[in-house]
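Residue numbers (our numbering): 199 to 431.
Right, one structure below, let's go through it.
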Amino acid sequence: MIKICFVLYFLIFSFETFSLNIKVRFAATQWCPYTCKDMANQGIVSNLIRKRLEKNNIGMTIDFLPWKRAIKSVQTGENDALLTVVLEEAPSLSFTTVPTMSYRVCLFSGNSKIEEIKNITQLSKKRIGIASQYGYGAPFDKYILENKNNKDRILTLFGGNLVSRFILLTQKKRISYFLEDENVVNFYRKKIKSTFCTKKNPFFIGFSPLYINKEKLIKILDDEALREDFSRN
Numbered sequence: 199m200i201k202i203c204f205v206l207y208f209l210i211f212s213f214e215t216f217s218l219n220i221k222v223r224f225a226a227t228q229w230c231p232y233t234c235k236d237m238a239n240q241g242i243v244s245n246l247i248r249k250r251l252e253k254n255n256i257g258m259t260i261d262f263l264p265w266k267r268a269i270k271s272v273q274t275g276e277n278d279a280l281l282t283v284v285l286e287e288a289p290s291l292s293f294t295t296v297p298t299m300s301y302r303v304c305l306f307s308g309n310s311k312i313e314e315i316k317n318i319t320q321l322s323k324k325r326i327g328i329a330s331q332y333g334y335g336a337p338f339d340k341y342i343l344e345n346k347n348n349k350d351r352i353l354t355l356f357g358g359n360l361v362s363r364f365i366l367l368t369q370k371k372r373i374s375y376f377l378e379d380e381n382v383v384n385f386y387r388k389k390i391k392s393t394f395c396t397k398k399n400p401f402f403i404g405f406s407p408l409y410i411n412k413e414k415l416i417k418i419l420d421d422e423a424l425r426e427d428f429s430r431n
């Protein structure tokens with residue numbers, strides 16, 4: 199009965215998710231393996247969203263930019279949407295309601311021996327590296343907000359090639375740890391030490407408030423994600 203109702207839902211509302219025959223301009227940063235200009239499919243998220251849009255005769259382009267510029271390009275309407283984003287990173291955007299995927303952040307160090315961290319309070323005498331305007335989830339986002347002006351606790355990097363740069367900074371003892379998603383570090387085959395990981399956090403697509411098709415695109419992407427979840431179950 200539940201399956202019948204689910205199918206009827208999509209039949210009833212199918213006229214609202216008609217093909218727009220447009221091309222969506224996404225902004226993204228180099229965040230392999232999720233969004234990655236060096237991969238043939240431009241990353242696992244890029245490939246997933248491209249397939250969902252193609253089912254509705256919608257094309258897409260990806261403008262790879264440093265993260266801060268990527269956010270600004272969507273806020274100003276230069277691009278239509280951010281391909282991967284959480285609310286804390288760009289609260290002015292309009293978000294899909296169904297998560298695209300999830301990520302899990304840990305403290306990493308390029309040194310062979312590191313102190314195990316079990317509680318955020320242990321970082322009070324440590325300096326950690328973060329990327330500008332990234333969202334890391336609880337409890338790190340709160341800690342960063344409270345210490346953002348304390349250069350003895352927070353070092354912020356801009357630009358790209360962040361994993362390699364952070365590893366070098368830990369080896370030079372300029373920072374004790376850096377924050378990054380575990381899949382990103384694994385993608386670069388960096389066999390480095392980690393400690394104190396967060397739970398998995400969902401991320402979404404965020405559309406520009408200036409994009410006229412944002413509500414239609416959100417519905418199309420949410421419906422496609424729900425169909426995939428339904429077919430898996």
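Even glycine gets a Cβ: it sits at the ideal position worked out from N, Cα and C.
Under a Cβ-count criterion, where at least 16 other Cβ atoms within 10 Å of its own Cβ denotes burial, should residue i be classed as buried or exposed?
{"i": "R430", "result": "exposed"}
{"i": "K412", "result": "buried"}
{"i": "L408", "result": "exposed"}
{"i": "G257", "result": "exposed"}
{"i": "N277", "result": "buried"}
{"i": "K201", "result": "Note that K201 scores 49 on pLDDT, short of 50, meaning its location in the model is unreliable and no value can be drawn from it."}
{"i": "E378", "result": "buried"}
{"i": "R250", "result": "buried"}
{"i": "L419", "result": "buried"}
{"i": "I315", "result": "buried"}
{"i": "V205", "result": "No answer about V205 holds up, because its pLDDT of 45 lies below 50 and its placement is not dependable."}
{"i": "R372", "result": "exposed"}
{"i": "I269", "result": "buried"}
{"i": "A336", "result": "exposed"}
{"i": "D350", "result": "exposed"}
{"i": "L209", "result": "The predicted model places L209 with a pLDDT of 44, which falls under 50 and marks its position as unreliable; any figure quoted below should be read in that light. Result: exposed."}
{"i": "S212", "result": "With a pLDDT of 46 at S212, under the threshold of 50, the modelled position of that residue is not reliable, and no figure is offered here."}
{"i": "D421", "result": "buried"}
{"i": "S374", "result": "buried"}
{"i": "F402", "result": "buried"}
Ends of the beta strand (DSSP E) at residue i?
{"i": "V284", "result": "No beta strand (DSSP E) holds V284; DSSP gives it neither H nor E."}
{"i": "Y341", "result": "From DSSP, Y341 is part of no beta strand (DSSP E) but of the alpha helix (DSSP H) over 338 to 345."}
{"i": "F262", "result": "257 to 262"}
{"i": "V243", "result": "V243 -> not in any beta strand (DSSP E); alpha helix (DSSP H) instead, spanning 242 to 252."}
{"i": "S429", "result": "Taken as a continuous stretch (DSSP letters only), S429 belongs to no beta strand (DSSP E), being part of the alpha helix (DSSP H) at 412 to 430."}
{"i": "I403", "result": "399 to 405"}
Based on the DSSP secondary-structure assignment, which residues constitute the bridge partners of residue i?
{"i": "R223", "result": "T259"}
{"i": "I326", "result": "I352, Y375"}
{"i": "S392", "result": "F306"}
{"i": "Y334", "result": "Its beta-bridge partners do not exist; DSSP assigns none."}
{"i": "L280", "result": "A225, G404"}
{"i": "T233", "result": "W229"}
{"i": "S290", "result": "In DSSP, S290 forms no bridge with anything."}
Kindly indicate which residue of the options has the alpha-carbon position closest to the one of residue i.
{"i": "T434", "options": "K340, I365, V303", "result": "Since the first and last residues shown for the chain are 199 and 431, residue 434 lies out of range."}
{"i": "N348", "options": "P337, L360, I326", "result": "I326"}
{"i": "Y232", "options": "K316, E286, F293, T298", "result": "T298"}
{"i": "T227", "options": "K221, R363, I220, S244", "result": "S244"}
{"i": "I247", "options": "K235, R267, T282, A268", "result": "T282"}
{"i": "I416", "options": "L291, G275, E287", "result": "L291"}
{"i": "Y301", "options": "I410, T396, S406, D421", "result": "T396"}
{"i": "Q331", "options": "P337, I342, K323", "result": "I342"}
{"i": "N239", "options": "I220, R223, F293, I260", "result": "I260"}
{"i": "G404", "options": "I242, A288, E252", "result": "A288"}
{"i": "S406", "options": "I328, R363, L353, L285", "result": "L285"}
{"i": "M410", "options": "G275, R267, S271", "result": "According to the sequence provided, residue 410 is Ile. The question's Met does not apply to it. Considering only alpha carbons, the answer is G275."}
{"i": "P400", "options": "T295, L280, W265, M237", "result": "T295"}
{"i": "L321", "options": "W265, P264, F394", "result": "F394"}
{"i": "I352", "options": "N359, D236, A329", "result": "A329"}
{"i": "F356", "options": "K266, F338, F376, D427", "result": "K266"}
{"i": "C230", "options": "K346, K324, E380", "result": "E380"}
{"i": "F338", "options": "E313, F376, V222", "result": "F376"}
Can you give me the start and stop residues for the alpha helix (DSSP H) that residue i sits inside?
{"i": "S271", "result": "265 to 273"}
{"i": "S300", "result": "Run containing S300: none in the alpha helix (DSSP H); it sits in the beta strand (DSSP E), 299 to 301."}
{"i": "I365", "result": "360 to 369"}
{"i": "N384", "result": "380 to 385"}
Does the count of Cβ pairs from the stretch 302 to 311 and the stretch 378 to 396 closer than 8 Å reach three? yes
The stretch 364 to 381 in contact with the stretch 250 to 266 per 3-pair CB rule at 8 Å: The stretch 364 to 381, when compared against the stretch 250 to 266, does not touch it at the 8 Å Cβ threshold.
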